[in-house]
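Under our numbering, the first residue of the sequence shown is numbered 1, with each subsequent residue one higher.
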Amino acid sequence: MHIRLWQKQSMWLVALAFLASCTTISPFNQKAYEQATSLKVEALALMDKAITPYATQKQSVDALKLNMEKAYEYVKGLPQNEETANQWAIIKDPSRHSLGGFLKRWEEKSTLGYTYIQEAKGEVSEAFDSVIGLESGKKKADTAHK
């Protein structure tokens, strides 16, 4: 009798563990979404200023980098959010063809050409859209477990 009861309880525990493991991505996070959309707008506006010397915009660049780092650390700290954190890492990486790489090139060259800026803005915009899409595609916390 005790063995059957134990078997039933074990089956329920296994079923619950399985259901819990099915959630592989964190629920929608309003703050992460707002950070991504806001930083996208700020980044694209700042990129337009790359036709002027970097030194004149250094303070704005530093502020943007700090805010990107905050956004990255925030999403990295959310459970089951590796994909979004990885996308943020790409955006801010100075060795990649995204915002971090653009800012590094601007600093090295002092000014950038209009055509290059427009092409880079397209890539950066797509990278931010990936983060925004990842976040907006998540289920709301109140519906994630239904």
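For glycine and all other residues, C-beta sits at the position ideal for the given N, C-alpha and C.
Taking buried to mean at least 16 other C-beta atoms within 10 Å of its own C-beta, is V124 buried or exposed? On the sequence shown, position 124 is the one that residue 124 refers to. Label assigned to V124: buried.
How would you write the range of the alpha helix (DSSP H) that F102 sits in, first residue to last? For the purposes of this step, residue 102 is taken as the residue at position 102 of the sequence shown. Here the alpha helix (DSSP H) through F102 covers 99–109.
Other residues of its chain near P53: CB distance less than 8 Å, five sequence neighbours each side excluded: Position 53 of the sequence shown, counted from the start, is the residue given in the question as residue 53. So the list reads S110, T111, once near-sequence residues are dropped.
Check whether the region 71–78 and the region 96–105 touch, using three or more Cβ-Cβ pairs below 8 Å as the test. no
Looking at the secondary structure, which residues open and close the alpha helix (DSSP H) in which I91 lies? Start at 1 with the first residue of the sequence shown, and residue 91 comes out as number 91. Element bounds for I91: 82–92.
Measuring straight from C-alpha to C-alpha, what distance separates N67 and K140? As a first step, residue 67 is located in the sequence shown; it is residue number 67 there, counting from the start. As a first step, residue 140 is located in the sequence shown; it is residue number 140 there, counting from the start. For N67 and K140, the distance between alpha carbons rounds to 25 Å.
Pick out whichever of K31, M47, G133 has its Cα sitting closest to the Cα of G122. Here residue 122 refers to the residue found at position 122 of the sequence shown. Of the listed residues, the one whose Cα sits closest to G122 is M47.
Which same chain residues, not among the five before or five after N81, have their C-beta less than 6 Å away from its C-beta? Stepping through the sequence shown from its first residue, residue 81 is reached at position 81. The residues are S26, V75.
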